[in-house]
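Enquirer: Numbering (my numbering), first residue to last: 56 to 498. Sending over a structure as structure tokens; questions will come in a sec.
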RNA sequence: GGCCCUAUCGUCUAACGGCUAGGACACAUCCCUUUCACGGAUGAAAUCGGGGUUCGAUUCCCCGUAGGGUCACCA
């Protein structure tokens, strides 16, 4: 049930893909609104015809959907020219704006008549902020009656839609006085009292503490999506940048959250004033943690999608076996794309077909025959990692665990690195285990 | 440069005048495992500087300093 006492908006400009900063702004707007059962609007700020592109709009929407952020309403500024024109005429008629023809040879534009006032506003995150607007001059608010510019269109929409809270990046702080000036001028015209509150969130910074941008590498949300990061991890990570669930009396040391949990916990009080540096290691950690929390079916589907076709044609491939090795896969990856890479490097081959063996890697293997005998004595129905380890352990310890276990592991996997031999043996089964050892013995 | 914002471990952050400045990532060591990974334990690591206010400042105020943002007929 929407009470609609809170109305917010996320207003991206479709001049590029959704980037990390935009995604986080959307997230904070979403969390703030959802927490209070408010209403959130997606507004496409496409007043700039030259630079706006439909494909970017689609890309932004698909990024938001991927993150799981939904909106109650969508509007597009390019479809609202009539509304802006109406207000523009009012401002012109009221003398709060004028057509400026003295533009040094350029086309005439519509400028806002700056009353040169001191503007004071309270930012929900930073407290009182003061600007002397006299150094702003008579700024341009539209190219002509049919082509409004950002400040004008934005302010009109915020009023028309009854926006109660504007949550946006810190880089907009210096835009705020202009927008308040326009808001006040509009209020004179139609006598609606402006009551919007501002909350400027800190920027996401590059490691050098400058504003994150293309030159710092991956900034598009899409790039992370393509690398196989989970939306859950991205949400969790973005939330951790500049916001803390630990703040306040009900603080918690919990770090891993679902979107639903974040919605319950979110508060502007937990927002930091200073910029937060983007940290790939931490994102990776969030992703590994979120992978661990994925439902089994989801995990299975995701992993299966990553595996190359040649895996499925192996003699012993089965969904059942794949399910068995899922834990062994997930504890060794950071993003899902790692699976494809590792699979192509042969990392998973031995689970589904006998490995090629190099005698040098096997070593002397003087205990392998005895090892085989011990394994042979284990009941086929009792062939679990625990039992195999149990039966082999004393023998391995007595003769040097490396002497016994290394050749066994290599015989089964053919690799320098792999899970332990007990686990591998249990997965491929007694028959296959003995067969691989026999083969190794012939080398 | 003008205006504005900001300042706790390398990074993300907690402590909203009062425990030995807490947690997480990363890092190091050890344990587990003679492989890899996971896991467990331990450790190193911070209040930018100077003045105030106060019995007491990470916390409040001022001044520096540093960093950032913004100064379009982009948003």
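For each residue, glycine too, the CB sits at the ideal point set by N, CA and C. Computed from a predicted structure; not experimentally measured.
1) What do you get for residue 370, buried or exposed, if any count of 16 or more other CB atoms within 10 angstroms of its CB means buried?
2) In whole angstroms, what separates the C-alpha of residue 79 from that of residue 73?
3) Report the rounded CA-to-CA distance for residue 268 versus residue 144, giving the unit in angstroms.
4) Just tell me which of 455, 426, 406, 486 has its CA closest to the CA of residue 468.
5) Provide the residue(s) that pair with residue 155 in DSSP beta bridges, ordered along the chain.
6) For residue 224 and residue 76, which I take to be in contact (beta-carbon distance under 8 Å), what is that distance rounded to the nearest angstrom?
7) Beta-carbon separation of residue 233 and residue 191 under 8 Å?
8) Determine whether the beta carbon atoms of residue 474 and residue 423 lie at a separation below 8 Å.
9) Taking the beta strand (DSSP E) that residue 197 belongs to, which residues open and close that run?
10) From the DSSP output, which residues share a beta bridge with residue 187?
11) Label residue 435 either buried or exposed according to how many other C-beta atoms from any shown protein chain fall within 10 Å of its C-beta, with 16 as the threshold for buried.
12) With distances taken between CB atoms, is the gap from residue 176 to residue 235 smaller than 8 Å?
13) Using a Cβ-Cβ cutoff of less than 8 Å, which residues in the same chain neighbour residue 108 once the five nearest sequence positions on both sides are dropped?
14) State the Cα-Cα distance for the pair residue 140 and residue 150, rounded to the nearest angstrom.
15) Should residue 83 and residue 311 be called a contact, given that it needs their Cβ atoms to be closer than 8 Å?
16) Name the DSSP beta bridge partners of residue 94, please?
17) According to DSSP, simplified to helix, strand and coil, what is residue 82?
18) Return the CA-CA distance between residue 410 and residue 277, expressed in angstroms with no decimal places.
19) My output table needs one value for residue 363: the three-state DSSP class, helix, strand or coil.
20) With distances taken between CB atoms, is the gap from residue 64 to residue 258 smaller than 8 Å?
21) Whole alpha helix (DSSP H) runs in the region 265-318 with 4 or more residues, listed along the chain?
22) Give the DSSP-derived three-state secondary structure of residue 203 in the structure shown.
23) Output needed for residue 300: all residues of its chain with C-beta closer than 6 Å, excluding positions within five of it in sequence on either side, in chain order.
24) Can you tell me where the beta strand (DSSP E) with residue 113 in it begins and where it stops?
25) Is the beta carbon of residue 480 closer than 8 Å to that of residue 412?
26) For residue 457, name the three-state secondary structure that DSSP assigns.
27) I'd like to know whether the C-beta atoms of residue 343 and residue 121 end up nearer to each other than 8 Å.
28) When the Cα atoms are used, what is the spatial distance from residue 450 to residue 482?
29) Alpha carbon to alpha carbon, how far is residue 163 from residue 202?
30) From this set, 252, 211, 152, 132, which residue's C-alpha is nearest residue 228's C-alpha?
31) Work out the CA separation of residue 414 and residue 465 for me, nearest whole Å.
32) Tell me whether residue 104 is buried or exposed, calling it buried when 16 or more other Cβ atoms sit within 10 Å of its Cβ.
33) Check whether the Cβ atoms of residue 86 and residue 180 lie closer than 8 Å to each other.
34) Under 8 Å between the Cβ atoms of residue 199 and residue 165?
35) Count the other C-beta atoms from every protein chain shown that fall within 10 angstroms of the C-beta of residue 498, then say buried if there are 16 or more, exposed otherwise.
36) Could you check the C-alpha separation between residue 56 and residue 127 for me, to the nearest Å?
Expert: With the structure as the only source:
1) exposed
2) 10 Å
3) 38 Å
4) 406
5) 164
6) 6 Å
7) yes
8) no
9) 195-199
10) 173
11) exposed
12) yes
13) 69, 70
14) 15 Å
15) no
16) 62
17) helix
18) 37 Å
19) coil
20) no
21) 276-281, 286-295
22) strand
23) 307, 320
24) No beta strand (DSSP E) contains residue 113, which is instead part of the alpha helix (DSSP H) from 109-122.
25) no
26) helix
27) no
28) 22 Å
29) 12 Å
30) 252
31) 10 Å
32) exposed
33) no
34) yes
35) exposed
36) Because residue 56 carries a pLDDT of 48, less than 50, the predicted location of this residue cannot be relied on, and no value is offered for it.
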